[in-house]
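Quick notes on the structure that follows.
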Amino acid sequence: MRAAISKAEIESAISSRFSTAFKVHEKRPAEVTPTGIPQIDGFTEGGLPRGAITEIFGAASSGRTAFVLSSLAHATTNEEVCALVDTNDVFDPTTASRAGVELDRLLWVRCNNNLEHAFKTTDMLLQAGGFGIVTLDLGDVPAKSAKRIISSWWYRFRRTLEATSTALLVITEESCVGARAALGLELSQENCLWSTPTQTPATS
């Protein structure tokens, strides 16, 4: 049994399925890729900036997953190949498909709770180029662990992205990319007001 697989072998295996993923692409004139959410696309001047990092952060149930699925659905239905680096193996293909994501155009990489593998995988995908959106999902990584990520990773990703048309979308519980991101959005769940139904008086 072989102990390791080379980077070239991994790229060859992926490119056989996603023919456009590892081709060199000129940076597109468009500077953003829409999220498919009109309110967000409105105040971000069109969506996620290409060639840059966008950080989406917020507690569980704040809308992070819906945001990611909407962005991936818009990109994949417009014939872009996207990638999802699933750090904690929480991605649900069935839910994604129902949200409109074209799974044939999505490379899903499960990292089995290994933060180092998630970052190395993201780095390889960004270096390869050709992806419309690469999503690094750290949403289920404890905030303390995410904040201990060395800043050089974010600078490395930012430098790699500058010459590409790829949007890197980082999902976290609390902000950890900070100023290295071109766009940061905090999501929060609105308070719900509960009321008990008024009982109708019994009639005789």
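First residue of the sequence shown: -18, per my numbering; consecutive thereafter.
Glycine residues also receive a C-beta, built at the ideal position from the N, C-alpha and C atoms.
Comparing alpha carbon positions, the residue from G32, G44, I21 and V62 closest to F112 is V62. Taking 8 Å as the cut-off, the Cβ atoms of G28 and T16 count as close. Take A127, set aside five residues on each side of it, and the residues of its chain with a beta-carbon closer than 6 Å to its own are L119, T153 and C157, in chain order. Among the bridge pairs identified by DSSP, R91 is matched with D67. For G165, the enclosing beta strand (DSSP E) has its first and last residue at L164 to E167. Rounded to whole angstroms, A47 and L65 show a C-alpha spacing of 14 Å. Beta-bridge analysis with DSSP links D118 to D67 and I152. Taking 8 Å as the cut-off, the Cβ atoms of R161 and R139 count as close. Taken through DSSP and simplified to helix, strand or coil, A160 comes out as helix.
Looking from the CA of L53, the closest CA among R86, Q108, T145 and S43 belongs to R86.
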